[in-house]
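Here numbering that gives the first Met the number 0 is used: position 320 in the sequence shown is 319, and no number is missing along the way.
Beta carbons are placed, not taken as given, at the ideal position from N, Cα and C, and that holds for glycine.
The structure appears right after this line, and notes come after that.
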Amino acid sequence: MKALSFLSLCLLICLACQSPAETDTPSAQDWLAYGGDQGQTKFSSLHQINPENVDRLTVAWTHEAPAPGISLQCTPLVIEGQMYAYTAEGNIAALDPATGAARWTFSPDSTHITTLMRSLSYWHHPESPERDQIMFVHGSTLYALLAQTGELVERFGQKGKVDFYNGLEVPAEQEGFMEITANAPGVIFEDLYIVGCKVPDELPSAPGDIRAFDVRTGELVWTFHVIPKEGEFGYESWPPDARQRLGGANCWSGMALDEDRGMVYVPTASPSFDFYGGDRVGMNLFANCLLALDARTGERKWHFQTTHHDLWDRDNASPPNLISIRRGDRLVDAVTLVTKLGYLFVFDRETGEPLFEIEERPVPTKSPIAGEQPWPTQPFPVAPPPFSRQGFTPDRYTDRSPEARAFVEQEMADKGYTTDIYAPPSLEGAVVTPAAHGGANWGGASVNPETQMLFVNATDLPWFFQLVDVEALAANNDQDGASLYHMYCTACHGPDQKGTFLGPDITLAAKSFPFQKLENVLLAGREPMPSFKHLPREQLQAIVFYLKGMEEGEMAPERTSERPSYQAKYSFSGYGFFNDQDGYPAIKPPWGTLTAIDLAAGTIRWQVPLGEYPELREQGLPPTGSYNRGGGIATASGLLIIGATYDRQLRVFSQETGELLWQTELPGASTAIPATYEVGGRQYVTVAVNANREAGFNGGYLTFALPG
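Next comes the structure, spelled out in structure tokens:
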């Protein structure tokens, strides 16, 4: 009791010494939303864990699945003494944030649709706190649960559920093949749940319209058409029948909300199909945009398109960040957006005016593909400078060893690949840096509103891609399943099916999934795996036979439904990185980075490698950086906390210098955004950790704190 009294006295003294702007409100102890708050700052005002004591962090508790679970990318919420999380078992759970003990668990309906739930949303009932709600999308269903009990909210939709196809223009006969879900949670504004969606990248697809649902009833309140209808602004930037034939332009990465202004900031993705635009000539608004919408009505306030007529899968994959920035003698409310190309765009939140100059520059327009009309210019921010390298030039070829450099030089000389970041796709192929996975990706950036600094992790690797003529694919019908697997699947799942940093181990799924379910997975795709519905059925079944260890002469089961019709002219070669003869990136390190950007000055303060290869470290190479997924969070004490790399490390850096202050090995990779919060006077840091068979870890959450 004496210790508690002393702690309380110290707390009172500290609060008395703070200005009102610095005082932590009760909510400052919580992690209220996907990005910490609905402005996506990924910032916490907590100070207990700081540069002087971070090296004393220890595991406070672990919540692990009873058996190997699904891939976890979820950032839990912590609100009023309760943690809400998506578990490796595929359930929603309320946990004790101090111990990890489960208080309730809810099991969503089983679904064939891949759900990478990156967080949840919380609605505070204005009259009855006991009726607060947790909201999320699982599969193609929007759910509402009572936060206190985990029970379905009876008055919401059909007893707690809403069909997530509601309001989208998807033909009923295609719903079984067209996966519509949401990876990122929506934002809550007043009584509205505003949410984007994930739609197929390949055709057939659907326009990924932005929707708002009534949190009490589940009724659809408004819809913003990302591919405009006739009479709407932007309609002329597409062919007249675009909404009927095409899709995409969806928001899958998450959005930011300015509650005071009643404005929501929505980053959108590329049109479907990503890499061929001959059937969608035009600028293609509102694909690849940052949209500012009226949160009450869905009315467009302003927009900025970061890629015109996208042919390279340049989705705006990161949630925006809201922050106020000093410009001269005034403080400007701004919205920032980091991109796959390694650009940082900064806009006035109210008007959409850029805070730093953006130039429209000419780019290559000569396409070898009939009917393709690339847009003649693209936007280039003058400041801040890119945080990823632009283009794969000879001075950037690997220097890991003389043999590796010679290999890359020979490959480039023999193949004659184009390397411009805006080179139109071709059947011959190109090497492009940054890759379609970034630069920045869905982990996005974090900001410190007190120092006006932005922190972003990025992958800095070249990738090889080319268009594939769908009609020509029939020439491969005589190839066996092993050859087809090597052609289409090895880059992500490895030659032994045990996975790489790009894709998971599929050995168990391949053997346990029924034949038709496995064929359906190839048809529909599973994030981040694209659909393979462009392949002839003979090839699809040959791959399934190979995965299941069956002889191709065996009888395949009859399909119970027909494949959807589509008119795809081209597909693409897959998300394959350009590597040297030993499997390491063909470009000089760093291969993954963490960058601090001064938002007031528009300059890079520091950049350090993020991630490493242990075997290269043992050879004496300095940290090289590595491919990374997920993101980091910033604290008022000057810490930057991040997992994201596949070397299974959780790292803490100094915001001021980029110095690595502490790291620890996790039992699996943490490809999620951490959360930090305070309960009972103790600050915690929680990270989702993926299953790792070799370490005997089934997937779940690890939580760290200073010794009690």
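- Annotation for glutamine 496: no alpha helix (DSSP H) segment contains it, and DSSP assigns it neither H nor E.
- Here glycine 637 carries a coil assignment [DSSP, helix/strand/coil].
- In the assembly as shown, glycine 695 is an exposed residue. Its beta-carbon has fewer than 16 other beta-carbons within 10 Å.
- In the DSSP assignment, glutamate 402 falls within the unbroken alpha helix (DSSP H) covering 401-414.
- Shown here, glycine 437 sits in a strand according to DSSP, grouped into three states.
- Isoleucine 91 sits away from serine 139, with the two beta carbons spaced by 7 Å or more.
- Nearest C-alpha to proline 363 among Asn283, Ile420, Cys250 and Thr114: Ile420.
- Across the set Arg692, Asn697 and Val688, the C-alpha of Val688 shows the shortest separation from the C-alpha of phenylalanine 703.
- Setting aside the 5 residues that flank it on each side, arginine 130 is surrounded in the same chain by His124 and Leu145, each with a C-beta closer than 7 Å to its C-beta; the list follows chain order.
- As for any beta strand (DSSP E) of minimum length 3 sitting wholly inside the stretch 343-399, the runs are 343-347, 357-361 and 376-380, ordered along the chain.
- With a beta-carbon spacing of about 4 Å, glycine 149 and phenylalanine 105 fall inside the 8 Å limit used to define contacts.
- By the neighbour-count criterion, in which 16 or more other beta carbons inside 10 Å mark a residue as buried, asparagine 52 falls on the exposed side.
- For the pair leucine 665 and arginine 647, the CB atoms are nearer than the 7 Å cut-off.
- Distance between glutamine 39 and isoleucine 209, taken at the CA atoms: about 18 Å.
- Sorting Pro494, Thr392 and Pro385 by C-alpha distance to the C-alpha of threonine 592 places Pro385 at the top.
- The bridge partners DSSP lists for leucine 284 come to none.
- For proline 608, there is no enclosing alpha helix (DSSP H); the enclosing beta strand (DSSP E) covers residues 602-608.
- Per DSSP, alanine 59 lies in no alpha helix (DSSP H); the unbroken beta strand (DSSP E) holding it starts and ends at 57-63.
- Excluding residues up to 5 positions away in sequence, Leu521 lie with their Cβ nearer than 6 Å to the Cβ of phenylalanine 531 in the same chain.
- Between the stretch 620-635 and the stretch 447-465, the count of Cβ pairs shorter than 8 Å is three or higher; the stretches touch.
- When the five nearest sequence neighbours on each side are left out, the beta carbons in the same chain lying within less than 8 Å of the beta carbon of glutamine 377 are those of Thr306, His307, Glu359, Arg360, Val362 and Tyr421, in order along the chain.
- Glycine 217 is positioned such that its CB atom lies closer than 7 Å to that of glycine 156.
- Within the DSSP secondary-structure output, isoleucine 133 pairs in a beta bridge with Tyr121 and Leu144.
- The Cβ atoms of isoleucine 596 and proline 383 lie closer than 7 Å to each other.
- CA-to-CA, the gap between leucine 94 and valine 77 works out to about 9 Å.
- In the DSSP assignment, alanine 241 falls within the unbroken alpha helix (DSSP H) covering 241-244.
- Proximity to alanine 668 across Ser204, Pro184 and Asn691 peaks at Asn691, based on C-alpha coordinates.
- Closest by C-alpha distance to glutamate 258, out of Phe571, Ala211, Val186 and Glu470, is Val186.
- By DSSP's assignment, tryptophan 103 forms a beta bridge with Ala93.
- Leucine 45 carries a coil assignment under DSSP once its states are collapsed to helix, strand and coil.
- Nearest to arginine 326 by alpha-carbon distance, out of Gln451, Ser44 and Tyr683, is Gln451.
- Non-local C-beta neighbours of valine 169 in its own chain, meaning closer than 8 Å and more than five positions away in sequence, comprise Met177, Ile179 and Ala205, ordered along the chain.
- By the neighbour-count criterion, in which 16 or more other beta carbons inside 10 Å mark a residue as buried, glycine 230 falls on the exposed side.
- Rounded to the nearest angstrom, the gap between the Cα atoms of alanine 471 and serine 570 is 11 Å.
- Using a Cβ-Cβ distance cut-off of 8 Å, the stretch 390-404 and the stretch 575-591 are in contact, since at least three pairs of beta carbons, one from each stretch, lie closer than that value.
- In this structure tyrosine 645 does not touch alanine 435 by the C-beta definition: roughly 18 Å separates them, more than the 8 Å allowed.
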